[in-house]
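J.:
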Amino acid sequence: MLLTKKSGAPGTARSTFVHSLRRGLSQALPTMDRRAFLRRSGLGVGVGLAASQLTLVKKAGAATGNVAVGDGKIEIKRTICTHCSVGCAVDAVVENGVWVRQEPVFDSPINLGAHCAKGAALREHGHGEFRLRYPMKLVNGKYQRISWDTALTEITARMQELKKASGPDSVYFVGSSKHNNEQAYLLRKFVSFWGTNNCDHQARICHSTTVAGVANTWGYGAMTNSYNDMQNAKCALYIGSNAAEAHPVSMLHMLHAKENGCKMIVVDPRFTRTAAKADEFVRIRSGSDIAFLFGVLYHVFQNGWEDKQYINDRVYGMEKVKDEVMAQWTPDKVEEVCGVKEDQVLRVARMMAENRPSTLVWCMGQTQHTIGNAMVRASCILQLALGNVGKSGGGTNIFRGHDNVQGATDVGPNPDSLPGYYGIAEGSWKHFAKVWGVDFEWIKKQFASPAMMTKPGITVSRWIDGVLENNELIDQDSNLRGVFYWGHAPNSQTRGLEMKRAMDKLDLLVVVDPYPSATAAMAAMPGKPEDLNPNRAVYLLPAATQFETSGSCTASNRSIQWREKVIEPLWESRSDHMIMQQFADKLGFGKELSANYKMQKVNGMDEPVPEDILREINKGTWTIGYTGQSPERLKAHMRNMHVFDIKTLRAKGGKDKETGYDFTGDYFGLPWPCYGTPELKHPGSPNLYDTSKHVMDGGGNFRANFGVEKDGVNLLAEDGSHSLGADITTGYPEFDHVLLKKLGWWDDLTDAEKVAAEGKNWKTDLSGGIQRVVLKVHGCHVFGNAKARAVVWNFPDAIPKHREPLYGIRPDLVAKYPTHDDKKAFWRLPTLYKTVQDKAVTDKVHEKFPFIMTSGRLTEYEGGGEETRSNPWLAELQQEMFIEINPKVAADKGIRNGERAWVSTPTGARLNVQALVTERVGPDTVFLPFHFSGRWQGADMLSHYPAGAAPIVRGEAVNTATTYGYDSVTMMQETKTTVCNVEKA
C-alpha cells in the first residue's frame, strides 16, 4: 500500500525517499560503472549468459550447479527466504562470488515457484548497502569503529565482572528466530554453559501462547497440518490471521482449496486483504475471541453437530465444556461481548459443521492477549468438538512469523526448557550433559546455585522489569545488568518508553545483528540523566546474514529445509555460531561448547561445522523427533524437490543422484516428528495425530503426556481408537524400559540397545532402540495413545474464560469478566492484572482514550522491519508509518486522508503518523502496523544510528506507545488490544 503519490516533486515523500536512497548509495558506491549497476539491479547474470544456459535463469533444476561463462563462473545456490515462515525456496545465481540474480524454485512443493514482495527482494538482504559493516562502540553518544579483538576482549571482560559481582543471572540473552536451527541450539547451549536460564527469543512475543495452549491440549505445540494439506479442507476459518499480507504465499494453497469449493470465513476486527477473499467476514471486537468461538460452539452443541464418537474415543472433558458453553455463552451474551449477531454466528457454525473436514487458522491476532493461552485453547476445543483434529484437511494451522521461529522454539533459547522442550529439571540436564559430552556437575557449577539451574528464567517480554523492578520482588539475586540483543528488534516489544529507561540503566548492552536494529539508535539517543548509567558500555557486532552461512530452518508446517551458503560473509561480518564460539573461547568454555564439532575455516577463522551441530541435535532431541533429519537426508530433499507431491508432500519414488538415497514414502522436509535414527527412515509426520496412517507412515494419535487418569476418569484413548496397524488397539501410556519388559518386547532390542535403554524412556534412550522397537516392530506410538484435553486443569482457567483486557473501552464488561488476580514471582517477577485493570476503570481511562488500538503486519515489511525497511525495493513500496481510522472518526476529529495525526496512549507516549481514512476498521478501532522504528515521538532518530546503517524508511514504532499486559501462562505481551486517542497534528 502506497500512501503518498509517486512523484518526484521537491518536498514530497517520494523525493525524500529518492534523495535518501541516492545519498546512501553514493556513500557506498563512489563510482559505479554500467556492469556494477546491472549487478546491483539483479540484471548482471544476463550479460554473460549464452542462450544455451538461460535455463539456469528461468528455472534452476537442481539445488546446486556450476557453469563456466567466459572467464567467470556461475553457481546456483539453493536457499530459503528469511521472512515469515512459509519456507519459500530460492535459487540464488552467483557470479564470481557475487549474488547477481535470484529465481523462485518452481519445484518447491511449498511455494510452487511463487514469491511475495519480500521474497522477490531477497538478494538485497545479502548485498544490502545499509548493513552494519564493522564492530562499533558507543563513545560520547556516537558509534566508533573498533576491531573484533577489542570488542570480544572488552565485552567478555565486562561479562566476567558482572558475573563475579552479581552472578550469571545478571546477564540476559535475547536470541533470535532469524538464527538457523544450529545457531539457535548453540545459543541455548552457550547460555547454559554461562550458567543461566535467562534467555529467550521472538517466539515469546508471537506464539508462546500457542505453544503452551496447544501442547497442553493434545501434546505438541505446533501447526498440526501443512499449507499444502489445506487444499483438502472444505471450510477454513481464519481468526486473528491476515495471511494474504502476513503469509502471502500460504494463500496460494487456500485459493486452490477455494477452487475446489472450500468455504472461507475470516474473523477479525479489521476488513483485511484476507477478508476480501472470504465467503463470510465477521467483524469482532478485539480481544473477544473466546466469546465468538464459544458462541459458535453453542450452536454446534444445540444442533447436535458435534462428532460424538470422536469425542467419546479421543477427547477428555468435553461434557464439562458443553455445560459451561450452554450456560454462559447464549447468543445474547455472545453479541454483548464480541458484537456479532446470532444469525451470523449460527451461519459460521453451520458452515464449519456441514463442510468437514474444516480447518482453523490463527496468528498473533489471537495470541497476543493477557488471555492468549485461553483463546488458543478455545480454538482447539472447537476443532475437537467437530472431530477435525488428526484429519487431512482439518487441524489447527498456526502460521509463524519468522523464517525459523518454529525451529528456534523447538531447539533454541527458551527460558523454561532445553532443546526439544526437555524441561530444566535435573534429569533433563543430565540427558543433555551426556549429549554434549560434558560432566553434569561441571554445568551445575556454572549456575549461581542448584535451585537457579532448575528455575525458569525471565522472559524477553519482561527483561525491562528485570532491570527496573525493585530487587526485593525479583526471584533472583541481582537485577539484570547486561543484555545481549542477538538478532531481535526492540520495537517489536511493548512499553517502549520504559524500555529506553531500562537500556540506559544497563552496565552492558551488546547488539549482534546484520542490521543493528532500533536497539542501536535507542541506546545512543539521549535519555533522562537520572536513568543513565555512567559506566554503561554499548557494542554493535556485525553478524552475517543467513545467506552467508549454511544450516537448517523449520517452516510453520514443521518441514525442515537446508540452506546452502550463497556468498561469503561481507565486510567484517561473522556468522552467529562463529561469534558464539569466539565468545566461549574468551570466557573459558570454548572446548566444552564445541566438543562434538569439527571446525572449518571461514576468512581464516575457525567456525563450528553446521552439519555437526545438526547431528548433535539429532542425537539428543528425541521428544519431538528432530532425530531423523540428518544433514544428508535434508540436502537430498533440497536437491530433489520435484519428486514430492504438492498436496500430500509425499514422494512416490525417486532417488538422489549423488547418494542413491531412495525418497519413497518420505514427506518433504521430514516434518517433525521424524522419529528414530536417520537409518530407521521414518518419513516425517505431515499431519499430526492422524490415526488413519501407520506410525511408520507418518500417522499417530494424541500424546499421553498428562497421566493415565484424572479424578477417576481414564485419560487414555478408548478401545478401538489407535493408529493404523498398531499392535495395541486401545489407549496406552508412553513407553519406557519397564513397559517394554511388561509387554515382552524387551528382547526385540539388540544387546547393545538393551544396555543403552536400561533405566531409560523413549525420550532419553540415546540408542533409539526403544523408538525402533515400538514404532517399526509393533506399530505403536512412543508417546502413548491418550485423549486430548478439552479441560486443562493445570492452567489458570481449566475451561477457557473470556476476561476483559487490562485497558479497554468497555468498563461495563470488566465487572462481568474481570481479569486475573495479581501474581507474585511469576517467571521471576511480579505480574499485575487486577491492579492495573481496576485503576484503569477508576481513572476512567476509556474516556480519555476512547479507541481500541490494535496492530499487525504489512506485505512489504517483516518483524521489527529494520532489515526490510533497509531494502530499497521494499522501502519504495511503503514509505510511511500510518494509522487506519474510520471515516466517522476522521470526520469527528477533522482529519483528512493523508494528513498527520497524533496518537496518544495511557503510557504518556505520543506518536506522529500519517492518517489513512478507511472503513477497514470500525468506528471503535484504529490499526497501526508494527514494522516501523527510527522516529521517536515526532523526532527522527537518524543521527543516533551508526553511520551508513540506518534504514531507508523510518517511522514511529507502535510499541513505543503500547501498554502493560501479559498472558497469565507464558508472559506473552498484549499488543492487539489496548487503548488510545487520536488527534489531528
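The numbers in numbering that gives the first Met the number 0 rise by one with no breaks, and the one at position 728 of the sequence shown is 727.
Idealized CB from N, CA, C, for every residue including glycine.
The structure displayed is predicted, hence computed values, not measured ones.
(1) Starting from L915, follow its DSSP beta bridges and name the residues at the other end.
(2) Among P449, A824, W561, G864, which residue has its Cα nearest to the Cα of I457?
(3) Which same chain residues end up closer than 8 Å to T962 when comparing Cβ atoms and leaving out the 5 residues on each side of it in sequence?
(4) For V85, report the span of its alpha helix (DSSP H) as first-last.
(5) For a cutoff of 7 Å on Cβ pairs, would you count T676 as touching chain C?
(6) Residues bridged to C234 by DSSP?
(7) With distances taken Cα to Cα, identify the nearest neighbour of F662 among P449, R632, S854, G855.
(8) Given a threshold of 16 other Cβ atoms within 10 Å of its Cβ, counted over all protein chains shown, does K634 qualify as buried or as exposed?
(9) Going by the DSSP bridge assignment, what does F643 pair with across the sheet?
(10) Drop a sphere of 10 angstroms on the beta-carbon of G668, count the other beta-carbons inside from all chains shown, and report buried for 16 or more, exposed for fewer.
(11) Does E865 come out as helix, strand or coil in the three-state DSSP assignment?
(12) Using the three-state DSSP reduction, which class does H298 fall into: helix, strand or coil?
(13) Can you tell me whether G394 is buried or exposed? The criterion is at least 16 other CB atoms within 10 Å of its CB, across all chains shown.
(14) Under a Cβ-count criterion, where at least 16 other Cβ atoms within 10 Å of its own Cβ denotes burial, should K319 be classed as buried or exposed?
(15) As a quick exercise: from G127, N704, Y219, A594, pick the residue whose alpha carbon is nearest that of C379.
(16) How would you write the range of the beta strand (DSSP E) that T395 sits in, first residue to last?
(17) For the alpha helix (DSSP H) that A517 lies in, which residues bound it at each end?
(18) Using the Cβ count rule (16 or more neighbours within 10 Å means buried), how would you classify K262?
(19) Apart from the five residues on each side of it in sequence, which residues of its chain come closer than 7 Å, Cβ to Cβ, to K983?
(20) Based on Cα-Cα distance, which residue from P108, F734, A91, E615 lies nearest to Q101?
(21) Compare the C-alpha of M135 against each of A150, W761, D718 and name the closest.
(22) My understanding is that R919 touches F270, with C-beta atoms under 8 Å, so please give their C-beta distance in whole angstroms.
(23) Take every Cβ of the region 199-209, pair it with every Cβ of the region 784-791, and state whether three or more of those distances are shorter than 8 Å.
(24) Quick one: residues in its chain with C-beta nearer than 7 Å to the C-beta of R38, no 5 flanking neighbours on either side, listed in chain order?
(25) Could you have a look at G69 and say whether DSSP puts it in helix, strand or coil?
(26) Any contact of the region 544-557 with the region 170-183, i.e. 3+ C-beta pairs under 8 Å?
(27) At what residues does the alpha helix (DSSP H) containing I154 begin and finish?
(28) Should A986 go down as buried or exposed, given a rule of 16 or more other Cβ atoms within 10 Å for buried?
(29) Does DSSP put M135 in a helix, a strand or coil?
(30) For R346, tell me which candidate among N372, N95, G294 has the shortest Cα-Cα distance.
(31) Kindly indicate which residue of P630, Q367, K887, C198 has the alpha-carbon position closest to the one of P418.
(32) Give the C-beta separation of V1013 and R203 to the nearest angstrom, bearing in mind that I take them to be a contact with Cβ-Cβ under 8 Å.
(33) Of the residues R573, T834, F782, which one's Cα is nearest the Cα of D605?
(34) When burial is assigned at 16 or more other CB atoms within 10 Å of the CB, is Q836 buried or exposed?
(35) Could you pull the start and end residues of the alpha helix (DSSP H) that I616 belongs to?
(36) Should N713 be labelled buried (16 or more other beta-carbon atoms within 10 Å of its own) or exposed?
T.: Working from what's here:
(1) E883
(2) A824
(3) T493, R494, L805, Y806, T904, P905, T906, E973, T977, V978
(4) Run containing V85: none; DSSP gives neither H nor E here.
(5) Among the protein chains of the structure shown there is no chain C, as only one such chain exists.
(6) K262, S357
(7) R632
(8) buried
(9) A650
(10) buried
(11) coil
(12) helix
(13) buried
(14) exposed
(15) Y219
(16) 395-397
(17) 516-523
(18) buried
(19) K892, G893, I894, E898, A900
(20) A91
(21) A150
(22) 5 Å
(23) no
(24) Here R38 scores only 42 on pLDDT, less than 50, and its place in the model should not be relied on; the value that follows carries that caveat. Excluding residues within five positions, the ones whose Cβ falls inside 7 Å are V97, V99.
(25) Its pLDDT being 47, under 50, G69 is placed unreliably by the model, and the measurement read from it follows with that caveat. Looking at G69 - three-state DSSP - the assignment turns out to be coil, as it is neither helix nor strand.
(26) yes
(27) 147-165
(28) This structure cannot speak to residue 986, because the chain is shown only from 0 to 984.
(29) strand
(30) G294
(31) C198
(32) No answer is possible for residue 1013: the residues shown for the chain start at 0 and end at 984.
(33) R573
(34) buried
(35) 609-619
(36) exposed
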